[in-house]
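Just so you know, we're using UniProt numbering here: the sequence shown kicks off at 1 and counts up by one.
Okay, structure first, notes after.
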Amino acid sequence: MQIMRPLYVDPAVPGMAFTYVMATGGGVAQADRYRQDLVCGPGTQALFTTQAATKVYRMEHDYATQRVHLTAGEGAYVEYLPDAVIPFAGSRFHQSSVVTADETATVVYAETVTGGRLARGERHEYTVFTSDLEIRRPDGTLLAVDTMRLRPEDVGGVTGPGVFAGHDHVASVHVVSTRRPAQEIADTLHRSLADADVLHGTSVLPEACGAWTRILGHEQPCVTAAVHTAWDAVRRLLLGHPAPDLRKQ
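Okay, here's the thing in structure tokens:
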């Protein structure tokens with residue numbers, strides 16, 4: 001794994017550093033242990049993304065993990081918007097993320113998971129996929145937790161109500177910010193997705209530290225577009241500028 005030299009490509013926010021986190025191999029293999037430590041100091045403006053989807057390969061033994069530690073200092077504005085994770089059949093993957101945000105910082109944190117290599121007819125054939133997100137203050141105070149536990153072979157599977165509900169893609173966008181009231185952020189997220197071809201639900205985060213939305217969709221382009229729409233709406237509200245085109249195609 002490596003980080004590309006930061007780019008400054010958004011004329012609306014010329015001081016924002018765009019950084020691509022890139023895998024040096026084709027994907028995540030068994031026994032891989034990845035860790036990202038992203039420390040953004042006071043006043044930082046930064047966007048982190050990936051160059052492509054993260055493929056998690058079949059595993060005969062062991063499992064793979066990825067840890068993300070994102071810290072945003074006083075007055076920082078940080079966006080973490082990776083492409084989707086695609087767990088292949090037989091894969092075992094755990095992702096653990098900890099976002100530590102100063103009370104004056106803003107963090108937009110997104111995640112997307114796809115049910116497998118759908119074009120090959122491979123749908124929810126991974127062995128296990130888990131994800132934990134913690135949002136904390138610098139003193140360690142826990143603000144919010146979001147967990148995902150996907151085990152297709154468990155009783156009930158993962159395609160029914162309360163999980164994927166017949167959909168193939170799930171995404172979440174968490175917005176940690178005190179720049180605007182939490183309810184206003186939640187309302188902005190909700191309105192932005194009103195016409196999107198996805199299912200979605202939105203609420204404020206605990207302690208009114210921000211808001212979040214969960215998105216379900218049948219098609220990856222629709223989910224990707226919905227995440228971008230939500231990101232754009234929040235960016236306009238909190239930063240006063242639209243979300244840029246990340247130009248990955």
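All C-beta atoms, glycine included, are put in the ideal place defined by N, C-alpha and C.
Taking H241 as the centre and dropping the five residues before and after it, the same chain places the C-beta of D10, A12, V13, R235 closer than 8 Å to its C-beta, in chain order. Setting aside the 5 residues that flank it on each side, A29 is surrounded in the same chain by Y57, each with a C-beta closer than 6 Å to its C-beta; the list follows chain order. Rounded to whole angstroms, the separation of the alpha carbons of V145 and H94 is 15 Å. Sorting T50, L216, S91, L189 by C-alpha distance to the C-alpha of L246 places T50 at the top. Counting only residues of its own chain and dropping the five nearest sequence neighbours on each side, G41 has a CB closer than 8 Å to the CB of G73, A76. The criterion of a C-beta distance shorter than 8 Å is satisfied by D83 and A52. Between the segment 198-205 and the segment 163-182, the count of Cβ pairs shorter than 8 Å is three or higher; the stretches touch. Straight across, the Cα-Cα distance linking V98 with L133 is about 6 Å.
Between the segment 209-220 and the segment 156-168 there are three or more C-beta pairs closer than 8 Å, enough to call the two in contact. Check the Cα spacing between R120 and each of A89, G140, T147: the tightest is with A89. Secondary structure in the segment 136-223: the alpha helix (DSSP H) runs of 4 residues or longer, each lying completely within the stretch, are 182-192 in chain order. The beta carbons of A243 and S192 sit no closer together than 8 Å. Across the set I135, V223, E153, A194, the C-alpha of E153 shows the shortest separation from the C-alpha of R92. At the C-beta level, T202 and L189 come within 8 Å of one another. Around the C-beta of L205, 16 or more other C-beta atoms lie within 10 Å, and the residue is accordingly described as buried.
Between T100 and T130 a beta carbon distance of about 21 Å is seen, past the 8 Å cut, so the two are scored as non-contacting.
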